[in-house]
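Single-structure report; data block below.
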Amino acid sequence: MKRKLLYPALLLLVLFLIWLSDEGSEPLVLKGTDLEQQEGVSDYTGVIGIDETAQYYGLFARTDDYVLNKGTYSIRLEYSATADENILEVWDNGTRIAQWFPDSTAGAEQTKDFVFTLDKDSQQLHIRVYFSGTGSLTLRTLSLVPEGSFYNDARFLAALAVLLILTAMLLDGYWKRHPVSRERKLTLLILAGLCLYASTPLFIQSFKQTDDICYHLLRIEGIKDGMLDGQFPVVIYPEALSGNGYLNSMYPYLFLYIPAFLRLFGVSLALSYKFLIVLANVATVALTWKAFRLMAASRYACLLGTALYILLPYRFTNIYARGALGETLAMTFLPIVIAGFYLVLVGNHKKWPWLVLGFTGLVESHVLSTAYMALIFAVCCLFFIRALLREKRWLSLLKAAGLTAVLNLWFLVPFLYFYLKENLYTKALDWSGFAEYSINASFLLDTFHTNDYRFLSLGLPVLGLAAVCVLWIFVEKKAERAEVDRAELSLWDERNGFLTFLFWAACALTFLVTGYFGSKKLTELVPVLETAFRTIQFPWRLLAPAGILFIFAGAIWLSGSRVLRPYRSLIFAFLVGVNLLTCLNQPYNQNNFAYLDYDDTTTVGHQDKIIGIPKSDATVIYPYEWRIDALTDDKLTAELQLSDAQKVTVTGYEKKGTSAVLTYQTEEEGQYVDFPIQKYLGYRAEDENGNELKISYGNNYRIRVLLTAGGEHTIRVFYSQPAGFRISQAVSLFGLLGCIAYAVRRKRDEKRSAALA
Numbered sequence: 001m002k003r004k005l006l007y008p009a010l011l012l013l014v015l016f017l018i019w020l021s022d023e024g025s026e027p028l029v030l031k032g033t034d035l036e037q038q039e040g041v042s043d044y045t046g047v048i049g050i051d052e053t054a055q056y057y058g059l060f061a062r063t064d065d066y067v068l069n070k071g072t073y074s075i076r077l078e079y080s081a082t083a084d085e086n087i088l089e090v091w092d093n094g095t096r097i098a099q100w101f102p103d104s105t106a107g108a109e110q111t112k113d114f115v116f117t118l119d120k121d122s123q124q125l126h127i128r129v130y131f132s133g134t135g136s137l138t139l140r141t142l143s144l145v146p147e148g149s150f151y152n153d154a155r156f157l158a159a160l161a162v163l164l165i166l167t168a169m170l171l172d173g174y175w176k177r178h179p180v181s182r183e184r185k186l187t188l189l190i191l192a193g194l195c196l197y198a199s200t201p202l203f204i205q206s207f208k209q210t211d212d213i214c215y216h217l218l219r220i221e222g223i224k225d226g227m228l229d230g231q232f233p234v235v236i237y238p239e240a241l242s243g244n245g246y247l248n249s250m251y252p253y254l255f256l257y258i259p260a261f262l263r264l265f266g267v268s269l270a271l272s273y274k275f276l277i278v279l280a281n282v283a284t285v286a287l288t289w290k291a292f293r294l295m296a297a298s299r300y301a302c303l304l305g306t307a308l309y310i311l312l313p314y315r316f317t318n319i320y321a322r323g324a325l326g327e328t329l330a331m332t333f334l335p336i337v338i339a340g341f342y343l344v345l346v347g348n349h350k351k352w353p354w355l356v357l358g359f360t361g362l363v364e365s366h367v368l369s370t371a372y373m374a375l376i377f378a379v380c381c382l383f384f385i386r387a388l389l390r391e392k393r394w395l396s397l398l399k400a401a402g403l404t405a406v407l408n409l410w411f412l413v414p415f416l417y418f419y420l421k422e423n424l425y426t427k428a429l430d431w432s433g434f435a436e437y438s439i440n441a442s443f444l445l446d447t448f449h450t451n452d453y454r455f456l457s458l459g460l461p462v463l464g465l466a467a468v469c470v471l472w473i474f475v476e477k478k479a480e481r482a483e484v485d486r487a488e489l490s491l492w493d494e495r496n497g498f499l500t501f502l503f504w505a506a507c508a509l510t511f512l513v514t515g516y517f518g519s520k521k522l523t524e525l526v527p528v529l530e531t532a533f534r535t536i537q538f539p540w541r542l543l544a545p546a547g548i549l550f551i552f553a554g555a556i557w558l559s560g561s562r563v564l565r566p567y568r569s570l571i572f573a574f575l576v577g578v579n580l581l582t583c584l585n586q587p588y589n590q591n592n593f594a595y596l597d598y599d600d601t602t603t604v605g606h607q608d609k610i611i612g613i614p615k616s617d618a619t620v621i622y623p624y625e626w627r628i629d630a631l632t633d634d635k636l637t638a639e640l641q642l643s644d645a646q647k648v649t650v651t652g653y654e655k656k657g658t659s660a661v662l663t664y665q666t667e668e669e670g671q672y673v674d675f676p677i678q679k680y681l682g683y684r685a686e687d688e689n690g691n692e693l694k695i696s697y698g699n700n701y702r703i704r705v706l707l708t709a710g711g712e713h714t715i716r717v718f719y720s721q722p723a724g725f726r727i728s729q730a731v732s733l734f735g736l737l738g739c740i741a742y743a744v745r746r747k748r749d750e751k752r753s754a755a756l757a
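Residue numbers (UniProt numbering): 1 to 757.
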């Protein structure tokens, strides 16, 4: 009875705490000194000011860029002014959407609201204050006030709390009806603890900026905007580049639908991204544990390997320093790829679908990770060619490759189509920092420091497992083999041969990362290798496969080592304990506190939840390689461009997402219009009668359409996915449905067989 009351009481407590911390409806209050001030003076109270003695007029101050959902908002100014000519403006994605002239207050401080409405979600909205150059202007605070709420994080967290506590109740009830051992419960708690511990850097009020996070946040917003535009799958980000659009198909994006769907329901961009990282941590723990189990590893090896991999220093670098979301998601599936090849080459090759799962996860996460894992295990297959030819294991490998291709056609076809046929600026990818970014071998041991989460290393525990591998190969292997039964010797040799390959492959990858490799000299001798190095770009990317290969071989051999058996518990505690320190590398700074200043009314996280896409002067928000022929920002415009404004009259124009409708009149043949849309493959144009109109490259690669003379006409430009895209999507969908149907049928047959037995 007490336990039945515990869960509802816990749920009520959690919901109450979520309600207490909800700031979604709170105004965003900015002091004058919180703004980007262009001219004038400020004081210690946060007030900024300017007067005519500065001999300046123009932009006085502006806010950061904000991500806002569509709706009505108020700008609340606490200011004083002695002139009426000052200007307050709202800009969204390069276009001014609202303007006011605040009244003079005759030098007295007043508070006034200015209301504006967004008819669509905004990615880069900011507020500007202009000084007229006459009189004086002081600004104490600028507040942004939502009519409803900025975001719905509290509702999402409440729903998540209900789901988690309901799951706990059901699990508790299941364990009562079907008792499980204390060991299994302990294992589950340890794995849950690892998920939580690996996610602790996310539990800060602020939103930590990392190297590449701006691009991935843009991708999430772009996919959300694309779905609102009616696209599925999303090919074009409709609001990108001042509405000119940007290509989505060149980077795997399946898992980004998770945060994108949350954004559709009003969850903040910051929480949506953090939730995806938490899911990645949970999936990494679950799949790593399963991968070890598929390789018949002991519970000791499973726990050790899972703990060391989830806390791998380079994995923390990808998440919390580089913001390399694609590589982070790819690392989730590396263990399953290893286990899948083990099953096909050595184990039960009828379980080849695990290899499909692993490679599908890689393809849908990071193309480069897919390429290097395919290359590593292509070499592995050559070493195990005799095993492949036995028992038709090669057929299982072909089945896995074929089904992987089918399930991922929906992504691969558009990717290859645009890469090979579109006029993209792929030269931006044609560089290599392989030699310049190679690391000193001594830094491979770097495990913890008090700076940040930037580790370009394997860490002491992983190299400790490498030492265990050396011990096994050169000391224990021969003695252990002598004690194996003759009937099991072949399987023992193949299993250890596979682990030996993992070890030596990890050694080779680690050597490639270091400065001792001499890649510069090698490319001079063998120029063709320059292509491979340009593709990899940064050698330390190879730390991910090197780390997991060392972990698999070392953890499994350690669990079976007779020499180290008396010290296994101590070794486990040392290796895992040292790796736990990777979470402690956050320096002391203002992010340690929930509030930035003592008089703030909201936490630092409140602004970070609506802050726009982070960028600096050196940041290219939308990378040039997927723009048409390196279209630069200074060439962008959100306006129509007419061949001759004197000869063409625009009577109506509306652009929404990837579609635009123009109504015009012209009496002269040969006139044209350039729409503010990048001319990617797939765009079409029709007249008022539905007749196809020819489109071509216009000024700066925008869509150009010739106008029809005589009377009033209409042009509708829209994006339509090519038939090949739709066919590939249908093939992948039917392939997925077939897999599900087969799995359900097989499960049903197994139950029937068990019942008959």
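Every residue gets a Cβ at the ideal spot worked out from N, C-alpha and C, and that includes glycine. Predicted, not measured: the structure shown is a model, and the values here were computed from it.
### Query
Under 8 Å between the Cβ atoms of residue 578 and residue 414?
By 1-based counting over the sequence shown, the position of residue 578 is 578. By 1-based counting over the sequence shown, the position of residue 414 is 414. Contact flag unset, no.
#### Entry: Length of the line joining the Cα atoms of residue 166 and residue 89
Mapped onto the sequence shown, residue 166 falls at position 166. Mapped onto the sequence shown, residue 89 falls at position 89. Distance from the CA of residue 166 to the CA of residue 89, rounded to the nearest whole angstrom, comes to 48 Å.
### Query
How should residue 178 be labelled, buried or exposed, when 16 other C-beta atoms within 10 angstroms of its C-beta is the threshold for buried?
On the sequence shown, position 178 is the one that residue 178 refers to. It counts as exposed.
### Query
Looking only at C-alpha atoms, which of 432, 539, 94, 103 sits nearest to residue 81?
Sequence index remark: in the sequence shown, residue 81 carries index 81 (1-based). That would be 103, whose Cα lies nearest to the Cα of residue 81.
### Task
Go ahead and label residue 147 buried or exposed: buried means 16 or more other beta carbons lie within 10 angstroms of its beta carbon, across all protein chains shown.
For the purposes of this step, residue 147 is taken as residue 147 along the sequence shown, with counting starting at 1. Exposed, because fewer than 16 other Cβ atoms sit within 10 Å of the Cβ of residue 147.
### Task
Count the other CB atoms, across all protein chains shown, that sit within 10 Å of the CB of residue 55; report buried if there are 16 or more and exposed otherwise.
Translated into positions along the sequence shown, residue 55 becomes position 55. Residue 55 is exposed by the Cβ-count criterion.
### Query
Quick one: what does DSSP say residue 617 is sitting in, helix, strand or coil?
Taking the first residue of the sequence shown as position 1, residue 617 is located at position 617. Its pLDDT being 47, under 50, residue 617 is placed unreliably in this model, and the value from its coordinates should be taken loosely. DSSP places residue 617 in coil when its eight states are reduced to three.
### Message
Starting from residue 107, trace the alpha helix (DSSP H) in both directions and tell me its first and last residue.
### Response
Position 107 of the sequence shown holds residue 107. Element bounds for residue 107: n/a, residue is neither H nor E.
### Message
Does the contact criterion of 3 or more C-beta pairs under 8 Å hold for the stretch 648-665 versus the stretch 721-729?
### Response
Segments in contact, no.
### Query
Is residue 274 helix, strand or coil by DSSP?
As a position in the sequence shown, residue 274 is number 274, starting the count at 1. Helix at residue 274.
### Task
For my contact list, residue 245 and residue 236 are in at a C-beta cut-off of 8 Å; report their separation, rounded to the angstrom.
If you number the sequence shown from 1, residue 245 lands on position 245. If you number the sequence shown from 1, residue 236 lands on position 236. The beta carbons of residue 245 and residue 236 sit about 5 Å from each other, so the pair counts as a contact at 8 Å.
### Message
Looking at the secondary structure, which residues open and close the beta strand (DSSP E) in which residue 629 lies?
### Response
Translated into positions along the sequence shown, residue 629 becomes position 629. For residue 629, there is no enclosing beta strand (DSSP E), as DSSP gives it neither H nor E.
### Message
Am I right that residue 18 and residue 154 are in contact with their C-beta atoms under 8 Å? What's the rounded C-beta distance?
### Response
Your numbering for residue 18 matches position 18 in the sequence shown. Your numbering for residue 154 matches position 154 in the sequence shown. Confirmed, Cβ separation roughly 5 Å.
### Message
Here's a check: name, in chain order, each residue in its chain whose Cβ is nearer than 6 Å to the Cβ of residue 602, leaving out the five neighbours to either side.
### Response
Numbered from 1 along the sequence shown, position 602 holds the residue referred to as residue 602. Around residue 602: 23, 26.
### Task
Identify the continuous alpha helix (DSSP H) that holds residue 687 and give its terminal residues.
Taking the first residue of the sequence shown as position 1, residue 687 is located at position 687. No alpha helix (DSSP H) contains residue 687, which is instead part of the beta strand (DSSP E) from 683-687.
### Query
Skipping 5 residues on each side, what residues in its chain have a beta carbon closer than 7 Å to that of residue 40?
Residue mapping note: residue 40 aligns to position 40 of the sequence shown, counting from 1. So the qualifying residues of the chain are 48, 49, 50, 54, 60.
### Query
Out of curiosity, what's the CA-to-CA distance linking residue 277 and residue 315?
Working through the sequence shown from its first residue, we reach residue 277 at position 277. Working through the sequence shown from its first residue, we reach residue 315 at position 315. C-alpha separation (whole angstroms): 12 Å.
### Query
Taking buried to mean at least 16 other C-beta atoms within 10 Å of its own C-beta, is residue 31 buried or exposed?
Start at 1 with the first residue of the sequence shown, and residue 31 comes out as number 31. Counting other Cβ atoms within 10 Å of its Cβ, residue 31 reaches 16 or more and is therefore classed as buried.
### Query
Whose C-beta lies closer than 8 Å to the C-beta of residue 308 among residues of the same chain, with five residues either side of it excluded?
Along the sequence shown, read from residue 1 onward, the residue named residue 308 stands at position 308. Within the same chain, 461, 462, 465, 551, 555, 575, 576, 579 come within 8 Å of residue 308 by CB-CB distance, once the 5 residues on both sides are set aside.
### Query
When you compare each of 570, 572, 409 to residue 730 by their alpha carbons, which one comes out closest?
Reading the sequence shown from its first residue, position 730 is the one you call residue 730. The residue with the shortest Cα to Cα distance from residue 730 is 409.
### Message
Contact between the stretch 321-339 and the stretch 287-295 is defined here as three or more beta-carbon pairs at a separation below 8 Å; is this criterion met?
### Response
Verdict: yes, contact present.
### Task
Please determine, among 117, 652, 173, 727, the residue with the shortest C-alpha to C-alpha distance to residue 716.
Indexing the sequence shown from 1 puts residue 716 at position 716. Per the Cα distances, 652.
### Message
If we require 3 or more residues per run, which beta strand (DSSP E) segments fall completely within the stretch 290-351?
### Response
List check, beta strand (DSSP E) in window: nothing returned.
### Message
Assuming residue 453 and residue 321 are in contact, meaning their beta carbons sit under 8 Å apart, how far apart are those beta carbons, in whole angstroms?
### Response
Against the sequence shown, residue 453 aligns to sequence position 453. Against the sequence shown, residue 321 aligns to sequence position 321. Cβ-Cβ separation between residue 453 and residue 321: approximately 5 Å, consistent with a contact (criterion under 8 Å).
### Query
How do the stretch 1-17 and the stretch 122-137 stand: do at least 3 beta-carbon pairs fall below 8 Å, yes or no?
Output reads no: the stretch 122-137 does not touch the stretch 1-17.
### Task
Whole angstroms is fine: what's the gap from residue 558's alpha carbon to residue 304's?
Residue 558 sits at position 558 when you count from the first residue of the sequence shown. Residue 304 sits at position 304 when you count from the first residue of the sequence shown. Whole-angstrom Cα-Cα distance: 10 Å.
### Burial state of residue 354, where buried means 16 or more other Cβ atoms lie within 10 Å
Start at 1 with the first residue of the sequence shown, and residue 354 comes out as number 354. Under this definition residue 354 is a buried residue.
### Message
Using DSSP's beta-bridge definition, name the partner residues of residue 641.
### Response
In the sequence shown, counting from the first residue as 1, residue 641 sits at position 641. According to DSSP, residue 641 bridges with 674.
### Task
Alpha carbon to alpha carbon, how far is residue 73 from residue 85? Give it in angstroms, no decimals.
Numbered from 1 along the sequence shown, position 85 holds the residue referred to as residue 85. Numbered from 1 along the sequence shown, position 73 holds the residue referred to as residue 73. Residue 85 and residue 73 have their alpha carbons spaced roughly 23 Å apart.
### Query
Between the stretch 490-497 and the stretch 421-428, do at least 3 Cβ pairs fall closer than 8 Å?
The stretch 490-497 makes no contact with the stretch 421-428, as fewer than three CB pairs between them are under 8 Å.
### Query
In terms of residue numbering, what span does the beta strand (DSSP E) encompassing residue 131 cover?
Position 131 of the sequence shown holds residue 131. For residue 131, the uninterrupted beta strand (DSSP E) segment begins and ends at 122-131.
### Message
With distance defined between alpha-carbon atoms, name the residue in 645, 429, 350, 357 nearest to residue 330.
### Response
Working through the sequence shown from its first residue, we reach residue 330 at position 330. Ranking 645, 429, 350, 357 by Cα distance to residue 330 puts 357 first.
### Query
Cβ of residue 349 within 8 Å of Cβ of residue 298?
Counting from one through the sequence shown, the residue named residue 349 turns up at place 349. Counting from one through the sequence shown, the residue named residue 298 turns up at place 298. With respect to residue 298, residue 349 sits apart: the two C-beta atoms are not nearer than 8 Å.
#### Entry: Rounded C-alpha distance that separates residue 334 from residue 253
As a first step, residue 334 must be located in the sequence shown, where it is residue number 334. As a first step, residue 253 must be located in the sequence shown, where it is residue number 253. The C-alpha of residue 253 is placed about 18 Å away from the C-alpha of residue 334.
### Query
Which same chain residues, not among the five before or five after residue 510, have their C-beta less than 6 Å away from its C-beta?
Counted from its first residue, the sequence shown places residue 510 at position 510. Correct list, in chain order: 546.
### Message
Is there a C-beta anywhere in chain D that falls below 8 Å from the one on residue 200?
### Response
The chain labelled as chain D is not found in the depicted structure, where only one protein chain is given.
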